[in-house]
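Asks:
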Amino acid sequence: MIYTWPREIARIFGYSTVVTCSSLFHGILFSLYSPTLYITLLGFVFIATTNTSEVIRAFSELKIPLAITLIFSVFVKVIPQALQNMETSYKMTILRGLGYGKPLPIRLFYQLYALIAVILPVFVYIIKGSRNLAIALETRGYMSKKNRTSLVKIGFHLIDYLLLFISIIFFYISFS
């Protein structure tokens, strides 16, 4: 099991709640016909399997500017938290009784409305979090020191080159 979708989203869109290695493999094969789906799937795998410190270390090893590194590391951290907040807000909306006592076909529309209605609290959460992050970065003297050292040497290994080669092949097949 790689990831677990929120049950409500999986129920409405007809997805399985669990993402396994075999379903990921089937998704990759299916995505060969759709480049957009392929890029989305790669982004999902990147976000689900990478933590913030790994992104920062890898980008600093590749000599990518620190500002771009911060953008990607915040992205990797914020998206799963935003999905978690979206699920919590959705459950709270349903628990408050949205669509209670309505017939099943109408209740599905209420559930879809609840999914749309939770987007605003998630945006508020992201904006508040970005303000707090900006204050924390300013307090800690972000970018005050250009040369950084690392305890562990990071580099490309055989598995990295192999995965890069496979990704390029899939990318080429999906666009040809």
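Positions in the sequence shown are counted from 1; adding 82 to them yields my numbering.
Don't be surprised by glycine CBs; every beta carbon is placed ideally from N, CA and C.
Since we're looking at a predicted model, the values are computed, not measured.
Could you spell out the range, first to last residue, of the alpha helix (DSSP H) harbouring S135?
Replies: 134–143
Asks: Please report the straight-line C-alpha distance between L245 and I110, rounded to a whole angstrom.
Replies: 13 Å
Asks: Using a Cβ-Cβ cut-off of 7 Å (strictly less than) and excluding sequence neighbours within five positions of S155, which residues of its own chain qualify?
Replies: T134, V137, I138
Asks: If I measure Cβ to Cβ from N167 and keep anything under 6 Å in the same chain, skipping five residues before and after, which residues do I get?
Replies: Excluding positions up to five away in sequence, the list reads V204, Y207.
Asks: Should Y26 be labelled buried (16 or more other beta-carbon atoms within 10 Å of its own) or exposed?
Replies: Only positions 83 to 258 of the chain appear in the structure, and residue 26 is not among them; the question remains open.
Asks: For T122, count neighbouring C-beta atoms within 10 Å of its own C-beta (all shown protein chains included) and say buried if the count is 16 or more, exposed if not.
Replies: exposed
Asks: Grab the span of the alpha helix (DSSP H) containing K210 for me, first residue to last.
Replies: Unbroken alpha helix (DSSP H) run through K210: 201–221.
Asks: Please go through the stretch 114–183 and give each complete alpha helix (DSSP H) segment of 4 or more residues, from N-terminal end onward.
Replies: 117–131, 134–143, 148–177
Asks: Apart from the five residues just before and just after A196, which ones in its own chain have a Cβ nearer than 7 Å to its Cβ?
Replies: Y172, T175, I176, L180
Asks: With S256 as the anchor, note down where its alpha helix (DSSP H) starts and where it stops.
Replies: 240–257
Asks: For P187, which residues in the same chain have their Cβ closer than 8 Å to its Cβ, ignoring the five residues on either side in sequence?
Replies: For P187, where only same-chain residues beyond five positions count, there are no Cβ hits under 8 Å.
Asks: Given this structure, state the Cα-to-Cα distance separating I42 from I236, to the nearest angstrom.
Replies: Outside the shown range of the chain (83 to 258) lies residue 42, about which nothing can therefore be said.
Asks: Rounded to whole angstroms, what is the Cα-Cα separation between L119 and K159?
Replies: 22 Å
Asks: Beta-carbon separation of S258 and L114 under 8 Å?
Replies: no
Asks: Among E143, G211, T132, which residue has its Cα nearest to the Cα of A164?
Replies: G211
Asks: Which of helix, strand or coil does DSSP assign to G237?
Replies: coil
Asks: How about T151 and S142: are their beta carbons less than 8 Å apart?
Replies: yes
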